[in-house]
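Counting from 620, one number per residue, gives the positions in the sequence shown under my numbering. A virtual CB, placed ideally from N, CA and C, is assigned to each residue, including glycine.
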Amino acid sequence: LLAADPLANFINNNPTVVMLALGFLLMIGTVLIAEAFGMHVPKGYIYTAMLFSGVVEGLNMMSRRAAEKKKAAGGD
Numbered sequence: 620l621l622a623a624d625p626l627a628n629f630i631n632n633n634p635t636v637v638m639l640a641l642g643f644l645l646m647i648g649t650v651l652i653a654e655a656f657g658m659h660v661p662k663g664y665i666y667t668a669m670l671f672s673g674v675v676e677g678l679n680m681m682s683r684r685a686a687e688k689k690k691a692a693g694g695d
């Protein structure tokens with residue numbers, strides 16, 4: 620309950636994080652359906668893909684923030 624406002628502000632300021640979370644849910648749902656049909660998907664693949672996506676999104680957020688600071692400072 621204490622984290623609701625900061626979390627809502629973070630989500631409102633970073634809509635790409637919402638898309639990333641939806642992608643994670645879709646991936647997990649697909650794996651669950653595959654396992655229901657008897658196919659085994661190694662969890663390492665799932666975790667690696669999620670980690671890679673999270674790192675890329677973090678780098679994108681840092682890049683956007685740096686570009687906004689540069690633009691606010693008068694640079695191109």
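*asked:* Three Cβ pairs or more, each shorter than 8 Å: is that satisfied between the segment 672–683 and the segment 637–646?
replied: yes
*So, helix, strand or coil for GLY677, using DSSP?*
Here the question's residue 677 lines up with position 58 in the sequence shown. If DSSP states are grouped into helix, strand and coil, GLY677 belongs with the helices.
*Whole-angstrom Cβ separation of THR635 and GLU687, contact assumed at under 8 Å?*
Residue 635 sits at position 16 when you count from the first residue of the sequence shown. Residue 687 sits at position 68 when you count from the first residue of the sequence shown. With 8 Å as the limit, THR635 and GLU687 do not qualify as a contact, their Cβ atoms being about 14 Å apart.
*Closer than 8 Å by C-beta to ILE647: which residues in its own chain qualify, once you throw out the five before and the five after it? Chain order, please.*
Position 28 of the sequence shown, counted from the start, is the residue given in the question as residue 647. For ILE647, where only same-chain residues beyond five positions count, the Cβ hits under 8 Å are ILE665.
_Contacting residues, own chain, Cβ-Cβ under 8 Å from ILE630 (five flanking each side not counted)_ = Reading the sequence shown from its first residue, position 11 is the one you call residue 630. Closer than 8 Å at Cβ, skipping near neighbours: VAL636, VAL637.
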